[in-house]
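First comes the structure, then the notes that go with it.
Protein chains in written order, with our numbering: chain A, 601 to 875; chain B, 15 to 442.
This is the structure:
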């Protein structure tokens, strides 16, 4: 089984790159023949990724959420799967290129640095921890996808304002649709981050003896949560629309990435599960 | 195929000349009557703002095509036009031109789909007037198919090629669903009307018309089931609309920077789309700098039109391939028409001989044996003629070479020459 896991680990980045290539080709050529092929490519990749994650969990007796490189693979899957659901439900097919590029980045890093971690502390096999990590991951997936849509909104906005009616103008969906997708992603991401924080606040103190509310990772997540929460409140109360809100979403994503990066570097946290 | 065609169109005549030759439906009916009496056995006439064309099968194979042109010029009493303003087409060339017209690649606006409907009406008129026989109907059907295939299998009709439609294309990149949006069209002239009709076609939620002359506003509002906004109240009500399309003939700006700024404030961040289709412009172009304002004029929309025309031009080879394919099919069918009478004649000739031989021995053998002989000789004749029949059909269907088909048909007719053999038998 270990050999299969290792093969799949190296196969996954190649599959994501292949999917990305098909989406990119379709973005440029817009050939009807490619419309369904690319979706099938993505579906097959997600199935293989699911098999990889299941095999990993069975073989190592813990879900792949104990190191950041394991988490990166789950994140790549989560982003790809979320996009697949978005494409199926909205039939917007031209944005996959940009979202799946992020999946490639996470999966490539994971493939290169992931290690076979067999012995993990018993606490990391707890189901509540799994729920906490998965909801946090899905939350970050939401804000990541939102940031991509916000970025695409900004690009399309500029194209229209500057009367540049080229390929990007033709392929990208309308501004209203991009904004809707960005806002929906933030709302889903925010809700899941809230769940992750709630579980963490209630359960973590009893699970980790060295738990601290001043833990850098907790504080960073709190800042990100507050930032998005405030943005959503302002949007629905005072009407923060269009370019301003999209800029806010991108800013939120940058804050999230910087804060996670800093806490990753600081390192001295009970949140660092493996060495 | 002895199809002939003559055409006066945007390549050969000015718009005034084309207008002078335009035939209304009643005129077309009358003119077809004239053609049928003297010149053509079958045919049809198409007349649009960009072309008047006559296609048909001549009564006399040596017909001088200029007679058809003269008939049209004298029917319409037009001066200043001569036969030089007409293009002439014969046989394959006539079919190819007809297919080029139906596919839209010969249109003034490349890929214009309006021509499909106009062609269909012209065909129908011929059918209704019994001016269309088997060959002409087959040509109609194929021409219609060429038009449909060009639209469905290529992108010759894709993208906006008029400013009013290009404006809607931009609007659709800002708002996802026009059903939830409201629009106002300022100016009820030709451009304004087109824009209003496009918006209605796209399912705009609410549409209003504002025009200095109230009667024209009412007329257009009726057409698009919209409401009327009094021109004098325009500025107070403009912030209620997501889309503003202005196409007046006003000599100067009717919506300045400060007025648009006020509209933006009143809309509390909701975007507004301003499409200035007028020349000189109705809206101060400086408004494009305002956040949440999407402004386009005919120059910027022209970029979309140029881009779409370039895209359509790239589709011409694909359309031409469809035309060629359909021409091959049509001529294959047509060539079989030439061989079918020969095949039938030879088969009848063999059957006659068989029957005569059966009759000769009818009274000499038993009735049961006659039945067996009858079946056997039928099978024998069938097998003997199977290969020549199939081969002749294949030659006829294999291509556009009419001469080759004629040669084979002639050889077979001469070799067997049923009529001559019949005469010899009778004389003996």
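Positions of the beta carbon are idealized from the N, C-alpha and C atoms, including for glycine. Bear in mind that the values here come from a model prediction, so they are computed numbers and not experimental data.
Rounded to whole angstroms, the Cβ separation of residue 209(B) and residue 248(B) is 16 Å, and the two are not in contact under 8 Å. Within the segment 249-282 of chain B, the residues whose Cβ lies closer than 8 Å to any Cβ of chain A are, in chain order, 282. The closest CA to that of residue 75(B), considering only 84(B), 68(B) and 53(B), is found on 53(B). For residue 612(A), the enclosing alpha helix (DSSP H) stretches over residues 602-629.
Restricted to the segment 103-141 of chain B, not a single beta strand (DSSP E) segment is unbroken, complete and at least 3 residues in length.
When the alpha-carbon of residue 713(A) is set against those of 816(A), 618(A), 613(A) and 683(A), the nearest one is in 613(A). The Cβ neighbour count for residue 773(A), taken over all protein chains shown within 10 Å, is at least 16; the residue is labelled buried.
Proximity to residue 821(A) across 794(A), 646(A), 779(A) and 605(A) peaks at 794(A), based on C-alpha coordinates. A Cβ of chain A is located within less than 8 Å of the beta carbon of residue 285(B). In the three-state reduction of the DSSP assignment, residue 72(B) falls in the strand class, which pools E and B. Taking 8 Å as the upper bound on Cβ-Cβ separation, chain A lies near residues 184, 186, 187, 188, 189, 190 and 191 of the segment 178-203 of chain B.
Under the DSSP assignment, residue 243(B) falls outside any alpha helix (DSSP H); it carries neither an H nor an E label.
Residue 722(A) is outside the set of residues whose beta carbon lies under 8 Å from a beta carbon in chain B. Closest in C-alpha terms to residue 649(A), from the list 690(A), 689(A), 666(A) and 604(A), comes 604(A). Counting only residues of its own chain and dropping the five nearest sequence neighbours on each side, residue 417(B) has no CB closer than 7 Å to any other CB. The C-alpha of residue 790(A) lies about 6 Å from the C-alpha of residue 739(A). Think of a sphere of 8 Å around the beta carbon of residue 317(B): the chain A residues whose beta carbon falls inside it are 763 and 765, in chain order. Contact holds between the segment 322-335 of chain B and the segment 122-131 of chain B, because three or more Cβ pairs, one in each stretch, are under 8 Å apart. Annotation: residue 130(B) to residue 771(A) spans about 29 Å, alpha carbon to alpha carbon. By the rule that beta-carbons nearer than 8 Å mark a contact, residue 839(A) touches chain B. For residue 699(A), same chain residues with a beta-carbon under 7 Å away, outside a window of 5 residues either side, are 679, 683, 745 and 748 in chain order. In this structure the segment 141-160 of chain B does not touch the segment 285-298 of chain B; the number of beta carbon pairs closer than 8 Å is below three. Taking a Cβ-Cβ threshold of 8 Å, the residues of chain B close to residue 769(A) are 187, in chain order. Residue ranges of uninterrupted alpha helix (DSSP H) with 4 or more members, entirely inside the segment 737-815 of chain A and ordered along the chain, are 767-771 and 775-807. When Cβ-Cβ separations below 8 Å define contact, residue 302(B) makes contact with chain A. Contact between residue 395(B) and residue 352(B) does not hold, since their C-beta atoms are separated by about 23 Å, which reaches or exceeds 8 Å. The distance from the Cβ of residue 139(B) to that of residue 43(B) is about 7 Å, consistent with a contact at the 8 Å cut-off. In the DSSP assignment, residue 59(B) is bridged to 68(B). Put simply, the backbone Cα of residue 207(B) is about 29 Å away from that of residue 168(B).
Distance between residue 779(A) and residue 849(A), taken at the CA atoms: about 10 Å. Three or more beta-carbon pairs drawn from the segment 217-234 of chain B and the segment 195-205 of chain B are found closer than 8 Å, and the two stretches are therefore classed as touching. Restricting attention to 172(B), 132(B) and 66(B), the CA atom closest to the CA of residue 26(B) is found in 66(B).
The three-state reading of DSSP puts residue 857(A) in helix, counting H, G and I together.
The criterion of a C-beta distance shorter than 8 Å is not satisfied by residue 252(B) and residue 202(B). Within the same chain, Cβ atoms closer than 6 Å to the Cβ of residue 710(A) are found at 669, 672 and 673, the five residues on either side in sequence being excluded. In the three-state reduction of the DSSP assignment, residue 28(B) falls in the coil class, being assigned neither a helical nor a strand state.
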